[in-house]
Amino acid sequence: MDAVWNTRYHTGIQLIDEQHKELFSTVNQLRRSVQAGGDREAIGLLLEGLLEASARHFTTEEAYMAEHGYPDLAQHVAEHVAMLTSLKELHTKFLESHHTLALMVPTFMEGWFKHHISDGDFGFVTFLKARGVV
Ligand SMILES: [Fe+2]
Ligand SMILES: [Fe+2]
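Take 1 as the starting number for the sequence shown in the numbering used here and just add one per residue.
Shown next as structure tokens:
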């Protein structure tokens, strides 16, 4: 089943919302491709795209936080680093084994969306809004 972006993920910061939607969409393409028996190369490209989109998104968020002195920056960055590490590990497992292992990625990402966007991202968005930055 697709990961569904809904209003509880809506931060109101357009660039961040667009990037979150891109992550949801890539995760859903990845799952559909594996389930449809897509070839290894296509799935590999989607995984690499997800890694790149995640890294780009984290750079955006971290720049917002650093620019405005968000006090929990270090904790938030640590969560980003841990997520990229896990995603890279899943990518390595995919490369070393059967390509259906890529299905571990959507499961991992859905947990991440629920936990990290709802708690971590809303933490700094609330901070920025309170200061009238966004
Ligand atoms: Fe985010
Ligand atoms: Fe984040």
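Every residue gets a Cβ at the ideal spot worked out from N, C-alpha and C, and that includes glycine.
Legend entry - Supposed contact pair V27 and L50 - C-beta distance, whole angstroms, cut 8 Å: 7 Å
Inset, instruction - Can you grab the Cα-Cα spacing for the pair W5 / Q19, in whole Å? - result: Near 11 Å, if we compare the C-alpha coordinates of Q19 and W5.
Inset, instruction - For E62, I'd like the list of residues in its chain whose CB is within less than 8 Å of its CB, leaving aside the five on either flank, ordered along the chain. - result: L73, H76, V77, H80
Legend entry - Per-residue burial, D194 [other beta carbons within 10 Å of its own, 16 or more giving buried]: Look at the range of the chain in this structure, 1 to 134, and you will see that residue 194 is not part of it.
Legend entry - Reference D2, options L90, E96, L30, closest by Cα: L30
Inset, instruction - Answer yes if the region 90-102 comes into contact with the region 40-49, meaning at least three C-beta pairs across the two stretches below 8 Å, and no otherwise. - result: yes
Inset, instruction - Starting from N6, follow the alpha helix (DSSP H) in both directions and report where the run begins and ends. - result: Unbroken run through N6: none, as it is neither H nor E.
Inset, instruction - Would you please state the rounded distance, in angstroms, between the beta carbons of L23 and A53? I believe it to be under 8 Å. - result: 6 Å
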